[in-house]
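Shown next, in structure tokens, is the structure this report addresses.
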Amino acid sequence: MMGDTAGLPPEHTQDAGPACRPERATGMSNAPTLLDRYRLMVTMRAFEEACAQGIPTGELRGELHLADGQEAVAAGMAGALRSDDWMVSTHRCHQHAIVKGVPLEEMMAEIYERVTGLSRGKGGHVHLFDMEHRFSVTGIVGSSLPVALGHAYACRLDNSDSIAIGITGDGGTNTGQFHETMNMAAIWRLPLVILVENNHYAISVPAEEVIAGRGIAERAEAYGAWGRRVDGTDVDEVAVAFAQAVGHARGGNGPALLEAVCFRFRGHYEGDIDHYRKTVVKRRMREEGDPLTIVRRRLLERGEVDETEIAEVESEARGRVRDILQKVRETPGPDAVEAFRDVFAEVPA
Amino acid sequence: MSGNGAGRQQNISQLIAETIGMEMERDPGIVFLGEDIGYSGGTFGASRDLFRRFGEWRVRDTPISEMGFAGMAVGLAMSGWRPLVEIMFVDFIGVCLEPVYNAIAKNRYMSGGRVAMPVTIRAAGGCIGVAAQHSQTLWGMLAHLPGLKVVAPSNPHDYRGLLAASIESEDPVIVIEHKDAYLRKTTEFPLGTEIPSGRYTVPLGKANVVRRGGDLTLATLSTMVEKSLAAAEVLQTDGIGVEVIDLRSVVPLDDATVTDSVARTGRLLVVDEDYLSFGLSGELVARVVENLGPTVVKGVSRLANPDLPIPAALSLEREVIPNEDRILSAARTIVASG
Chain H
1 MMGDTAGLPP
11 EHTQDAGPAC
21 RPERATGMSN
31 APTLLDRYRL
41 MVTMRAFEEA
51 CAQGIPTGEL
61 RGELHLADGQ
71 EAVAAGMAGA
81 LRSDDWMVST
91 HRCHQHAIVK
101 GVPLEEMMAE
111 IYERVTGLSR
121 GKGGHVHLFD
131 MEHRFSVTGI
141 VGSSLPVALG
151 HAYACRLDNS
161 DSIAIGITGD
171 GGTNTGQFHE
181 TMNMAAIWRL
191 PLVILVENNH
201 YAISVPAEEV
211 IAGRGIAERA
221 EAYGAWGRRV
231 DGTDVDEVAV
241 AFAQAVGHAR
251 GGNGPALLEA
261 VCFRFRGHYE
271 GDIDHYRKTV
281 VKRRMREEGD
291 PLTIVRRRLL
301 ERGEVDETEI
311 AEVESEARGR
321 VRDILQKVRE
331 TPGPDAVEAF
341 RDVFAEVPA
Chain X
350 MSGNGAGRQQ
360 NISQLIAETI
370 GMEMERDPGI
380 VFLGEDIGYS
390 GGTFGASRDL
400 FRRFGEWRVR
410 DTPISEMGFA
420 GMAVGLAMSG
430 WRPLVEIMFV
440 DFIGVCLEPV
450 YNAIAKNRYM
460 SGGRVAMPVT
470 IRAAGGCIGV
480 AAQHSQTLWG
490 MLAHLPGLKV
500 VAPSNPHDYR
510 GLLAASIESE
520 DPVIVIEHKD
530 AYLRKTTEFP
540 LGTEIPSGRY
550 TVPLGKANVV
560 RRGGDLTLAT
570 LSTMVEKSLA
580 AAEVLQTDGI
590 GVEVIDLRSV
600 VPLDDATVTD
610 SVARTGRLLV
620 VDEDYLSFGL
630 SGELVARVVE
640 NLGPTVVKGV
650 SRLANPDLPI
660 PAALSLEREV
670 IPNEDRILSA
680 ARTIVASG
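Chains H and X are the protein sequences, given in the same order. Heads up, the first sequence is in my numbering, so the first residue is 1 and it goes up one at a time. Heads up, the second sequence is in my numbering, so the first residue is 350 and it goes up one at a time.
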């Protein structure tokens, strides 16, 4: 694996070692600073923009789901999240992979379907697999959660204090998998955090029109689980709430459900005409709900860093992603023979 | 060597439970999930005693949540465990086909070979008079989906050996056990009654020529092997030599063994307790004709369930599934026609 660490503190991206590390059980002993989180968020934004560049050139097709606007949710996981925790993500997955420590270059190469990609170009953007960093994705809404449940069950079998994080969106909480997973995680008290990115729309359908009851976080009550809703545009708030959710799950108390309310700046996929949201609403969410702007303002207000230092962080992160994109674009696609490999491990003689 | 079965009047469900127990002893990484497999020992008794022996964390009674626990198997496998999943009736796999065909079947490929999916799914199939939603075999549909191996044993020896091979395999395997077999004594079967006392496996993808004959190749699997053997016995008295091949698995499909046989007999009859169209019978005929060319193959015929749901009334079920009489008739027709 290459050494991209997305600007995280070195401790965060260590290879998964022995399962039990009591000294790290709190997760916050190496808590990222707000500037660390900002660096991560700028990297995430730059990464999504680098992916979007492949659309007009025809390098990538429209089946590309970008998460601009949702950076605070992913970056809020840094710190409490451990390298020996498992994460299973959804179709809008790049930011989650970045916070989990998946190398940026191999991920970008997979998204651009190159031979140096995580799966040599056979998975593509919604099927990222990096077992070294305990990260995987499924492109089917809701299906990430039972997979995470399986990881959580394995943590119990292993007598490990690792946990699993299953991520889905607001739309995913209407699937059977969500409810089956909540139920099973609760009856067996499994170390599972379900993180719901509520970006208000299941493709085009508004969450409030299709989610019964008082809300997503409140669905935890039905399963006797920990549940909380947080402002997903504020990385500090997400970090606090996520650490609580992780503490609950890691402490052997069963599943935690964290709903982070956020905005998806782009359409559901690249090419989505996004006519289901009013232009004024889309403009306002970028003006008032951009998590990067919120952090930037807070950093300056606190006086910990000045404009120059912020600009340096931005320039460095963007430059790194730009270099990666250039390198990926110079890399060839997989050989034709690759299409016929890896269906089975064992083929009869 | 008659081993475990002979002295104890063991039935197939006991044999399966014992096999799973042997595998779980051998490999502490095996985790068994399913409905009613734990305390009750399985709806068909095919997991009896395992809960007591291995405990609730390795033999897990699940809620009725096939989507959830089939998806769990994916995470368990990626965490380095070897999940064995029971889908009580194969008909229920429709509830959880998504993780089965999108993740269990595809993760190795989609990860460029970096993710292993050593998942075994056991499911009961076949007609015993239990109507449209509990009688299917579905191996043709499952075989159609790339990335899944699909196995259907016919006799006691293979029920143990194929299951052990499936559990040991690094690939996902669906084992479809016939409901008609569970409560039958291992000694009652016309073949495969000799069960070695030690552990053994039967390789996946190797057909078994269970009867030699020179006039007709009859390829089949699961309980239809027994019915075909009975028909072959009758046809012998008519002077028709039938070579009966137990395919053992649909994926991998050992068309080479069938092709070799048809090269000698010139005729192929496929008997299949699955829907006729777009399935095993058409696939096997096509491969053999492709392999040998139309001049070598004098005749082909398919006997399978017609393309309709299995009716509830036993009298009607008997009208639609292959039986000895219909096998006889199909065999005589193909031999008589040239």
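The beta-carbon is built from N, C-alpha and C at its ideal position, and this holds for glycine as well.
- Within the same chain, Cβ atoms closer than 7 Å to the Cβ of Ala-514/X are found at Thr-550, Val-551, Pro-552 and Leu-553, the five residues on either side in sequence being excluded.
- With contact defined as three or more Cβ pairs closer than 8 Å, the segment 188-202 of chain H and the segment 432-439 of chain X are not in contact.
- Within 8 Å of the CB of Ala-492/X, no CB atom of chain H is found; the nearest one sits about 13 Å away.
- Residue pairing by DSSP places Ser-518/X in no beta bridge whatsoever.
- The segment 311-324 of chain H makes contact with the segment 32-51 of chain H: 3 or more CB pairs, one atom from each, lie closer than 8 Å.
- Given a length threshold of 4 residues, each whole run of the alpha helix (DSSP H) inside the segment 626-656 of chain X is given here in chain order: 629-641.
- Across the segment 162-180 of chain H, CB contacts with chain X closer than 8 Å involve Ala-164, Gly-176, Gln-177 and Glu-180, in sequence order along the chain.
- Per the DSSP secondary-structure output, Met-87/H pairs in a beta bridge with Phe-135/H and Ile-165/H.
- Straight-line measurement puts the Cα of Ser-460/X at about 11 Å from the Cα of Met-427/X.
- Under the DSSP assignment, Ala-31/H falls outside any beta strand (DSSP E); it carries neither an H nor an E label.
- Counting only Cβ-Cβ distances below 9 Å, Glu-519/X has contacts in chain H at Phe-344, Ala-345 and Glu-346, in chain order.
- If only uninterrupted alpha helix (DSSP H) runs of at least 4 residues are considered, those enclosed by the segment 379-404 of chain X are 399-403.
- Non-local beta-carbon contacts of Asp-604/X in its own chain, meaning distances under 8 Å to residues more than five positions away in sequence, involve Leu-633, Arg-636, Val-637 and Asn-640 in chain order.
- Residue pairing of Val-434/X in beta bridges, as defined by DSSP: Leu-382/X and Ile-470/X.
- In this structure, the CA atom of Gly-404/X is about 21 Å from the CA atom of Asp-161/H.
- Under the Cβ criterion of 7 Å, Lys-122/H is counted among the residues facing chain X.
- Here Arg-675/X is not bridged, per DSSP, to any residue.
- The DSSP-derived three-state label of Val-347/H is coil.
- A direct Cα-Cα distance of roughly 16 Å separates Gly-588/X from Ser-686/X.
- Contact between Tyr-269/H and Leu-64/H holds: CB atoms are separated by about 6 Å, below the 8 Å threshold.
- Separation of Gly-58/H and Ile-111/H (C-alpha to C-alpha, rounded to the nearest whole angstrom) is 13 Å.
- Chain X has no Cβ within less than 7 Å of the Cβ of Phe-340/H.
- For Trp-488/X, no CB of chain H lies under 7 Å from its own CB, so it is not counted at the interface with that chain.
- The C-beta distance from Glu-592/X to Leu-567/X rounds to 7 Å, short enough to meet the 8 Å contact threshold.
- Against chain X, a Cβ distance below 7 Å from His-127/H picks out Met-459.
- At a cut-off of 7 Å, the C-beta of Ser-83/H has no neighbouring C-beta in chain X.
- Following the DSSP letters along the chain, one finds Ile-194/H inside the beta strand (DSSP E) bounded by residues 192-198.
- The Cβ neighbour count for Arg-409/X, taken over all protein chains shown within 10 Å, is at least 16; the residue is labelled buried.
- Remark: fewer than three beta-carbon pairs, one from each stretch, lie closer than 8 Å, so the segment 234-250 of chain H and the segment 202-214 of chain H are not flagged as touching.
- About 5 Å separates the Cβ atoms of His-91/H and Gly-139/H, confirming a contact at the 8 Å cut-off.
- Contact residues of the segment 129-141 of chain H toward chain X are Phe-129, Met-131, Ser-136, Thr-138 and Ile-140 (C-beta to C-beta distance below 7 Å).
- The segment 68-75 of chain H and the segment 248-262 of chain H touch, with three or more beta-carbon pairs separated by less than 8 Å.
- In the DSSP assignment, the residues bridged to Lys-498/X are Val-522/X.
- Trp-488/X carries a helical assignment under DSSP once its states are collapsed to helix, strand and coil.
- Taking each of Ala-202/H, Gly-267/H, Arg-322/H and Leu-258/H in turn and checking the Cα distance to Ala-67/H, the smallest one comes out for Gly-267/H.
- Contiguous beta strand (DSSP E) elements confined to the segment 217-285 of chain H occur at 226-231 and 256-261, taking only those with 3 or more residues.
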